[in-house]
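Q: Supplied in structure tokens, the structure appears directly below.
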Amino acid sequence: MNLMGILVIIFLTSFSFVAHISYGDLIDDVCQKTDDNNLCVKSLRADPRSASADKKGLARIMVQLSQAKASDILNQTKVLLKQIKEPVLKQCLEVCRDNYDMAVFWYSDSIKYIDAGDFDDATSSTSAPMNDADTCDESFTEPPVRKSPLKQKTDEFIHFADLTFSFLHQFKKL
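Counting along the sequence shown from 1, when you hit position 13 you're at 12 in numbering that gives the first Met the number 0, and nothing is skipped either side.
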């Protein structure tokens, strides 16, 4: 192999190494400013779209991940509503269904705002789903109190939704 071929290989190897480092650095940089750095990094690195995403793309991915979690709980609620016969528990689940339906809607709005470059409204739209999840949770604590079959998923969702909110909040000035 001639000297030119060796130099080309070294250049390409160095370039791919630098590209990989900058991908990791961007995720590390933006996640470092959130409420849960580890969960943020883990979530973004698990999504293959993150490898080529800029900050706006990473924000979009975080919102989509939150939306998927809200959709999952919404679907679980719909399944439970078909199975549960007890009136009070059914009423609580109806509150949850309506609120998680709204959460999915708010995340759709947030994605539209991100795509338009409006991070102020995108951030505002990501705060509403946390309230929706709280409303669901609180419906089970009103008399007569019932145990929520969604409690663990709701708690996990609220944590991730808060992470998404803090993630977007750092871009409000972009």
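Yeah, the Cβ is synthetic: ideal placement off N, Cα and C, and Gly gets one too.
#1: In chain order, what residues of the same chain have a beta carbon less than 6 Å from the beta carbon of His168, not counting five sequence neighbours either side?
#2: Roughly how far, in whole angstroms, is the beta-carbon of Arg48 from the beta-carbon of Ile113, given that I think they are within contact range, below 8 Å?
#3: Pull up the CB-CB distance for Ser107 and Thr125, whole angstroms please, since I reckon it's below 8 Å.
#4: Exposed or buried, Asp131, counting other C-beta atoms within 10 Å across all chains shown (16 or more means buried)?
#5: Quick one, are the C-beta atoms of Leu43 and Pro148 less than 7 Å apart?
#6: Which of the three DSSP states is assigned to Ala115 in this structure?
#7: Select from Asp117, Phe104, Lys171 the residue whose C-alpha is nearest the C-alpha of Ala67.
#8: Only counting runs of 4 or more residues, tell me where the alpha helix (DSSP H) segments fall wholly within the region 25-105, in order along the chain.
#9: Could you check which residue in Ser65, Gln75, Phe164 has the C-alpha nearest to that of Asp46?
#10: So Cys135 packs on Val94, CB below 8 Å; how close in whole Å?
A: Reading off the structure:
#1: Thr122
#2: About 14 Å; that fails the 8 Å criterion.
#3: Not confirmed; about 11 Å, so no contact.
#4: buried
#5: no
#6: coil
#7: Phe104
#8: Qualifying alpha helix (DSSP H) stretches, in chain order: 36-45, 54-82.
#9: Ser65
#10: 6 Å
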